[in-house]
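Engineer: Before anything else, here's the structure in question.
Number of protein chains: 2
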Amino acid sequence: MDKPADLDYLRDYNDASVVAIARRIGVFDRATIASETGLTPQAVSKVIARLVTAGLVEPDGVRRQGVGKPTSVYRLVPDSRYAIGAHVARRTLRMVLSDLAGQVLHTILRPLPLDFTPQHLLDEVAAGVDALAGECRSGRLVGVGIGMVGPLDHAQGVVRDAHRLRHWHDVPLREMAAERLGLPVMLDKDVAAGVAGEAWLGGKEFHDAALIMVESGIGAGLWLGGSAYRGAHTNAGEFGHMVLQIDGPSCVCGRRGCLEILHDQALARGEVETAARVLAVGVVNLLQSLDLDHVVLAGADLLPHAATYLDVIRTAVRTEVPRADWLAAEVTTSRLGTDVIAAGAAMEMLNERYGRPTGPRSADHAPEPAT
Amino acid sequence: MDKPADLDYLRDYNDASVVAIARRIGVFDRATIASETGLTPQAVSKVIARLVTAGLVEPDGVRRQGVGKPTSVYRLVPDSRYAIGAHVARRTLRMVLSDLAGQVLHTILRPLPLDFTPQHLLDEVAAGVDALAGECRSGRLVGVGIGMVGPLDHAQGVVRDAHRLRHWHDVPLREMAAERLGLPVMLDKDVAAGVAGEAWLGGKEFHDAALIMVESGIGAGLWLGGSAYRGAHTNAGEFGHMVLQIDGPSCVCGRRGCLEILHDQALARGEVETAARVLAVGVVNLLQSLDLDHVVLAGADLLPHAATYLDVIRTAVRTEVPRADWLAAEVTTSRLGTDVIAAGAAMEMLNERYGRPTGPRSADHAPEPAT
DNA sequence: CAGCGTATAGCAACGCTGTTGCGTAATAAG
DNA sequence: CTTATTACGCAACAGCGTTGCTATACGCTG
Chain A
694 MDKPADLDYL
704 RDYNDASVVA
714 IARRIGVFDR
724 ATIASETGLT
734 PQAVSKVIAR
744 LVTAGLVEPD
754 GVRRQGVGKP
764 TSVYRLVPDS
774 RYAIGAHVAR
784 RTLRMVLSDL
794 AGQVLHTILR
804 PLPLDFTPQH
814 LLDEVAAGVD
824 ALAGECRSGR
834 LVGVGIGMVG
844 PLDHAQGVVR
854 DAHRLRHWHD
864 VPLREMAAER
874 LGLPVMLDKD
884 VAAGVAGEAW
894 LGGKEFHDAA
904 LIMVESGIGA
914 GLWLGGSAYR
924 GAHTNAGEFG
934 HMVLQIDGPS
944 CVCGRRGCLE
954 ILHDQALARG
964 EVETAARVLA
974 VGVVNLLQSL
984 DLDHVVLAGA
994 DLLPHAATYL
1004 DVIRTAVRTE
1014 VPRADWLAAE
1024 VTTSRLGTDV
1034 IAAGAAMEML
1044 NERYGRPTGP
1054 RSADHAPEPA
1064 T
Chain B
694 MDKPADLDYL
704 RDYNDASVVA
714 IARRIGVFDR
724 ATIASETGLT
734 PQAVSKVIAR
744 LVTAGLVEPD
754 GVRRQGVGKP
764 TSVYRLVPDS
774 RYAIGAHVAR
784 RTLRMVLSDL
794 AGQVLHTILR
804 PLPLDFTPQH
814 LLDEVAAGVD
824 ALAGECRSGR
834 LVGVGIGMVG
844 PLDHAQGVVR
854 DAHRLRHWHD
864 VPLREMAAER
874 LGLPVMLDKD
884 VAAGVAGEAW
894 LGGKEFHDAA
904 LIMVESGIGA
914 GLWLGGSAYR
924 GAHTNAGEFG
934 HMVLQIDGPS
944 CVCGRRGCLE
954 ILHDQALARG
964 EVETAARVLA
974 VGVVNLLQSL
984 DLDHVVLAGA
994 DLLPHAATYL
1004 DVIRTAVRTE
1014 VPRADWLAAE
1024 VTTSRLGTDV
1034 IAAGAAMEML
1044 NERYGRPTGP
1054 RSADHAPEPA
1064 T
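Protein sequences appear in the order of chains A and B.
Going letter by letter, the first sequence gives residues 694 to 1064 in our numbering.
Going letter by letter, the second sequence gives residues 694 to 1064 in our numbering.
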């Protein structure tokens, strides 16, 4: 059953539209909001009044622009809300504290033991949350986003089978963590969370983008049509297992000639440029299928050779995509660097509460926020 | 600038939600609509009253369901609105007349001369519209959808460079056709229109799907997250130019080892099963990247061997997709057959006017409907 | 320095949305 | 015939963005 489109939805939607602009540009005035949202100035005044009451926004004096009454200026209160993001990797847990503006304020890195259990992870996450929550006033923490390797179910918040992790089959991590922490929790695939973070920084330009992560496996987080794309079972982005060489070398996944095995073999031989070329073939394949506007490169195994990868992939995009003059995507490295997954997960939590809803259809996952 | 979320949007959205259900199930009652939309029964009554006034819906007697006052039943009036869809291929123009329920009522097939010009196409389309419009009452035709090979710009309605068609560079076809026909026109890539048609028939089950077209080239229409996905420049779905064999045979696109060249070479050798296996590798690649729930096969070069393709691809999906027990996509042949593109284009036109909007954001393409 | 034109802010009334409360209609069962 | 049940729909309502208008605060002008 869908959520009905009623007046509450209308209000929340417009409030979120204004918050979205405020989060992006920080300082703003009524006329700017009015022209960007299409609302009348009067309606914007009402929205701003609500946001001031909620503490998300505050007056920031006036600006004289020449003749006439000065414009009232407002600004976002970045420290009015926080979110914590966690990146669960195979050997480490990385956690960040982000404010409403998306700024990463603190980072924590904790090692995880081999084959850690759900209980162990919860303990570590809880310790991290305690440490980070100390940095912000209580009641201002909206929740915790967790980015993790799949397969997992974003809607249900259940880890199905984390690749190469024992003890992780059908674990209802979101529910467990929410209960343990007493906070709303979102669970998402690592690359999906990561691309949300990059798309946040990229702004409106990021309409259709991919985050290519090369880090113990190769995956792609997809941002399509202006929002995260997860696929039918939260398993989109298994980019590394795209076959590029029929009858090529066998891959752990059971198929042959996967991008990942070709790439890793080249890297094992020390041929970074060959590895980059393999990845470039995959990226161009992705562009052919998805017509993206941005490709972001990240991951611990790629970033040390970022210059080579960037060069090879940009060349491939320019020369191998037909009509590259207007179809080509911009290729860059991640702006969030090693924090990309954790920061993206935090961003997703903030967007969940303060972002523009995609439509009045049912939110299929979000627990009601604790107050 | 976005369209503001105002009361008009609210009304239109809810009206469209009810029309969507009516178009799908035909006969309905107040309680069903209320539970499916989340609206109160009283609100549904108001919506139905508006739709009856517009002629889209009419009372259909009552239904006794046991004790209590009988339920008032309503039904869609399929012939209250029509749309025409056109499939512009290299040698033929296929046009269909569809009613509001999505039923294809008439089909017209007209040959096109080699290297036809925009003017020539307009003449043919106008003749087809005249013939088809005679089958429905005037004023009930909402517009014409055109599906055509790309690259083209859906938002602007401009054909950039139709593959292998001279005379087709930066042709503002939507505007030209709208002026010539005096009707709203939508222009879309052939496969994008096609997948919209299949998704319409598939209903809610079609959330993330691809239509694989094998017909003078191999393309994929993508339906992601419940709506058509076109990419940053309406050029998504160039599935045939996914490289599957690094350093394989040269393709017309300039790269080597593309799916299309491997497939076509196998077919030229008469090895249908090998060709199907090549396509299957591409399909599994697509599933790895996009985690689809449905794959639909179509196209004049595939359908004659449908059984072989279906068998090979289904086997590949079952055996090569990890966790195929719950990640696998359903693979079928097109239900619309050779009409798929034209019927899909008509469907897109109807959805444009009577479908649920994806959000209050600006409609970036639709001309205001002529009355 | 008073008066004027101008640009902005905000109060108040308004139209319209879906919602709520409640009376009414139509049926089967007792 | 009476009663319980189910559905319908009028009327009042709360709350949304919009509209009309007044108040305010500035630069400019004489």
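We treat Cβ as the ideally placed atom computed from N, Cα and C, and that holds for glycine.
Taking a contact to mean a Cβ-Cβ separation below 9 angstroms, would you say residue 932 (chain B) touches residue 975 (chain B) in this structure?
Structural biologist: Reading the second sequence from its first residue, position 239 is the one you call residue 932 (chain B). Reading the second sequence from its first residue, position 282 is the one you call residue 975 (chain B). A contact, by the Cβ cut-off of 9 angstroms.
Engineer: Please check the pair residue 1026 (chain A) and residue 993 (chain A), which I expect to be a contact at CB under 8 angstroms, by giving their CB distance rounded to whole angstroms.
Structural biologist: Position 333 of the first sequence, counted from the first residue, corresponds to residue 1026 (chain A). Position 300 of the first sequence, counted from the first residue, corresponds to residue 993 (chain A). Incorrect: roughly 13 angstroms between the Cβ atoms, too far for contact.
Engineer: Which of the three DSSP states, helix, strand or coil, is assigned to residue 1027 (chain B)?
Structural biologist: Taking the first residue of the second sequence as position 1, residue 1027 (chain B) is located at position 334. Reduced to three states, the DSSP call for residue 1027 (chain B) is coil.
Engineer: Between which two residues does the beta strand (DSSP E) carrying residue 906 (chain A) extend?
Structural biologist: As a first step, residue 906 (chain A) must be located in the first sequence, where it is residue number 213. It spans 902-907 - the beta strand (DSSP E) in which residue 906 (chain A) sits, taken as one unbroken run.
Engineer: By the criterion of Cβ-Cβ separation under 7 angstroms, what are the contact partners of residue 974 (chain B) in chain A?
Structural biologist: On the second sequence, residue 974 (chain B) is found 281 positions in, with the first residue counted as 1. Here the neighbours are 936, 939.
Engineer: Taking the C-alpha atoms as reference points, what is the distance between residue 901 (chain B) and residue 912 (chain B)?
Structural biologist: Residue mapping note: residue 901 (chain B) aligns to position 208 of the second sequence, counting from 1. Residue mapping note: residue 912 (chain B) aligns to position 219 of the second sequence, counting from 1. Rounded to the nearest angstrom, the two C-alpha atoms are 16 angstroms apart.
Engineer: Taking DSSP as the reference, what is the three-state secondary structure of residue 932 (chain B)?
Structural biologist: Residue numbering aside, residue 932 (chain B) sits at position 239 when the second sequence is read from its first letter. Correct three-state label for residue 932 (chain B): helix.
Engineer: Kindly indicate which residue of B:800, B:824, B:713, B:699 has the alpha-carbon position closest to the one of residue 1046 (chain B).
Structural biologist: Against the second sequence, residue 1046 (chain B) aligns to sequence position 353. Answer by Cα proximity: B:713.
Engineer: For residue 937 (chain B) and residue 828 (chain A), I'd like the C-alpha separation in whole angstroms.
Structural biologist: The residue labelled residue 937 (chain B) in the question sits at position 244 within the second sequence. The residue labelled residue 828 (chain A) in the question sits at position 135 within the first sequence. Their backbone Cα atoms lie some 51 angstroms apart in a straight line.
Engineer: On a CA-only basis, which of A:877, A:868, A:704 is nearest residue 832 (chain A)? Give me that one, please.
Structural biologist: In the first sequence, residue 832 (chain A) corresponds to position 139, counting from 1. That would be A:877, whose Cα lies nearest to the Cα of residue 832 (chain A).
Engineer: Whole angstroms is fine: what's the gap from residue 968 (chain A)'s alpha carbon to residue 860 (chain B)'s?
Structural biologist: For this step, residue 968 (chain A) is matched to residue 275 along the first sequence. For this step, residue 860 (chain B) is matched to residue 167 along the second sequence. The alpha-carbon atoms of residue 968 (chain A) and residue 860 (chain B) are separated by roughly 42 angstroms.
Engineer: What number of angstroms, rounded off, separates the C-alpha of residue 759 (chain B) from the C-alpha of residue 792 (chain B)?
Structural biologist: Here the question's residue 759 (chain B) lines up with position 66 in the second sequence. Here the question's residue 792 (chain B) lines up with position 99 in the second sequence. C-alpha separation (whole angstroms): 35 angstroms.
Engineer: Rounded to a whole number of angstroms, what is the C-alpha to C-alpha distance between residue 810 (chain B) and residue 850 (chain B)?
Structural biologist: Looking up residue 810 (chain B) in the second sequence gives position 117. Looking up residue 850 (chain B) in the second sequence gives position 157. Distance between the alpha carbons of residue 810 (chain B) and residue 850 (chain B) is about 17 angstroms.
Engineer: On the three-pair Cβ rule with 8 angstroms, is the region 1034-1043 of chain A touching the region 793-805 of chain A?
Structural biologist: Contact holds: three or more Cβ-Cβ distances are below 8 angstroms.
Engineer: Please state whether the Cβ-Cβ distance between residue 952 (chain A) and residue 971 (chain A) is less than 9 angstroms.
Structural biologist: As a working mapping, residue 952 (chain A) is identified with position 259 in the first sequence. As a working mapping, residue 971 (chain A) is identified with position 278 in the first sequence. Result yes, Cβ atoms of residue 952 (chain A) and residue 971 (chain A) sit closer than 9 angstroms.
Engineer: Does any C-beta atom of chain B lie closer than 9 angstroms to the C-beta of residue 1059 (chain A)?
Structural biologist: Your numbering for residue 1059 (chain A) matches position 366 in the first sequence. Note on residue 1059 (chain A): pLDDT 34, under 50, position unreliable in the model; the coordinate value appears next. No - not a single Cβ of chain B is within 9 angstroms of the one on residue 1059 (chain A).
Engineer: Any C-beta of chain A within less than 8 angstroms: which residues of the region 773-802 of chain B qualify?
Structural biologist: So nothing in the stretch comes that close.
Engineer: Within its chain, find whatever has a CB closer than 7 angstroms to the CB of residue 948 (chain B); leave out the 5 residues flanking it on each side and keep chain order.
Structural biologist: On the second sequence, residue 948 (chain B) is found 255 positions in, with the first residue counted as 1. The answer, listed in chain order, is 934, 936.
Engineer: Can you pull the chain A residues whose beta carbon is under 7 angstroms from the beta carbon of residue 944 (chain B), in chain order?
Structural biologist: Residue mapping note: residue 944 (chain B) aligns to position 251 of the second sequence, counting from 1. Per Cβ cutoff of 7 angstroms: no residues; residue 944 (chain B) is ~11 angstroms from chain A at best.
Engineer: Roughly how many angstroms lie between the CA atoms of residue 852 (chain A) and residue 847 (chain B), to the nearest whole one?
Structural biologist: Locating residue 852 (chain A) in the first sequence gives position 159, counting from the first residue. Locating residue 847 (chain B) in the second sequence gives position 154, counting from the first residue. If you take the alpha carbons of residue 852 (chain A) and residue 847 (chain B), they lie about 39 angstroms apart.
Engineer: Quickly, what does DSSP pair residue 799 (chain A) with across the bridge? List them, please.
Structural biologist: Taking the first sequence and counting its residues from 1, the one referred to as residue 799 (chain A) is at position 106. Residue 799 (chain A) is bridged to A:790.
Engineer: With 9 angstroms as the threshold, decide whether the Cβ of residue 862 (chain A) is near any Cβ in chain B.
Structural biologist: On the first sequence, position 169 is the one that residue 862 (chain A) refers to. No, residue 862 (chain A) does not count as interfacial toward chain B.
Engineer: Which of the three DSSP states, helix, strand or coil, is assigned to residue 718 (chain B)?
Structural biologist: One-based indexing of the second sequence puts residue 718 (chain B) at position 25. DSSP places residue 718 (chain B) in helix when its eight states are reduced to three.
Engineer: Please state if the CB of residue 989 (chain A) and the CB of residue 1014 (chain A) are separated by a distance shorter than 9 angstroms.
Structural biologist: Here residue 1014 (chain A) is taken as the residue at index 321 of the first sequence, counted from 1. Here residue 989 (chain A) is taken as the residue at index 296 of the first sequence, counted from 1. No, the Cβ-Cβ distance between residue 1014 (chain A) and residue 989 (chain A) is not below 9 angstroms.
Engineer: If the criterion is Cβ atoms closer than 9 angstroms, does the pair residue 983 (chain B) and residue 1031 (chain B) meet it?
Structural biologist: Stepping through the second sequence from its first residue, residue 983 (chain B) is reached at position 290. Stepping through the second sequence from its first residue, residue 1031 (chain B) is reached at position 338. No, they are not a contact pair.
Engineer: Nearest by alpha-carbon distance to residue 743 (chain B): which of B:711, B:757, B:729, B:733 is it?
Structural biologist: Sequence index remark: in the second sequence, residue 743 (chain B) carries index 50 (1-based). Among B:711, B:757, B:729, B:733, the Cα nearest to that of residue 743 (chain B) is on B:711.
Engineer: So which residues on chain B does residue 918 (chain A) lean against when the C-beta distance must stay under 8 angstroms?
Structural biologist: Position 225 of the first sequence, counted from the first residue, corresponds to residue 918 (chain A). Near residue 918 (chain A) (Cβ distances below 8 angstroms), the residues of chain B are 917, 918, 920, 922.
Engineer: Comparing C-alpha positions only, which one of B:858, B:703, B:725, B:698 sits nearest to residue 733 (chain A)?
Structural biologist: As a first step, residue 733 (chain A) must be located in the first sequence, where it is residue number 40. Out of B:858, B:703, B:725, B:698, B:698 has the C-alpha closest to the C-alpha of residue 733 (chain A).
Engineer: Might you give, ordered along the chain, the residues of its own chain that have their beta carbon closer than 7 angstroms to the beta carbon of residue 770 (chain B), omitting 5 neighbours on each side?
Structural biologist: The residue given as residue 770 (chain B) occupies position 77 in the second sequence. Once the five neighbours on either side are set aside, the close Cβ partners of residue 770 (chain B) are 748, 749, 750, 751.
Engineer: Quick check on residue 876 (chain A) - is its C-beta less than 9 angstroms from some C-beta in chain B?
Structural biologist: Here residue 876 (chain A) refers to the residue found at position 183 when the first sequence is read from its first residue. For residue 876 (chain A), the answer is no, since every Cβ of chain B falls outside 9 angstroms of its Cβ.
Engineer: Just curious, the alpha helix (DSSP H) that residue 1007 (chain B) is in, first and last residue?
Structural biologist: For this step, residue 1007 (chain B) is matched to residue 314 along the second sequence. Element bounds for residue 1007 (chain B): 999-1013.
Engineer: So, with DSSP's three-state summary, where would you put residue 762 (chain B)?
Structural biologist: Within the second sequence, numbered from 1, the residue matching residue 762 (chain B) stands at position 69. Three-state result, residue 762 (chain B): coil.
Engineer: Could you name each continuous alpha helix (DSSP H) segment of 4 residues or more that falls completely within the region 842-887 of chain A, going from the start of the chain to the end?
Structural biologist: DSSP runs (the alpha helix (DSSP H)) wholly in the region 842-887 of chain A: 866-874.
Engineer: Roughly how many angstroms lie between the CA atoms of residue 1004 (chain B) and residue 1019 (chain B), to the nearest whole one?
Structural biologist: Looking up residue 1004 (chain B) in the second sequence gives position 311. Looking up residue 1019 (chain B) in the second sequence gives position 326. Roughly 19 angstroms separates the two Cα atoms.
Engineer: By a C-beta neighbour count over all protein chains shown, 10 Å radius and 16 as the cutoff for buried, is residue 780 (chain B) buried or exposed?
Structural biologist: On the second sequence, position 87 is the one that residue 780 (chain B) refers to. Buried is the call here.
Engineer: Report the residues of the region 955-982 of chain A with a CB closer than 8 angstroms to any CB of chain B, ordered along the chain.
Structural biologist: So the list reads 955, 971, 974, 977, 978, 979, 981, 982, given in the order they occur along the chain.
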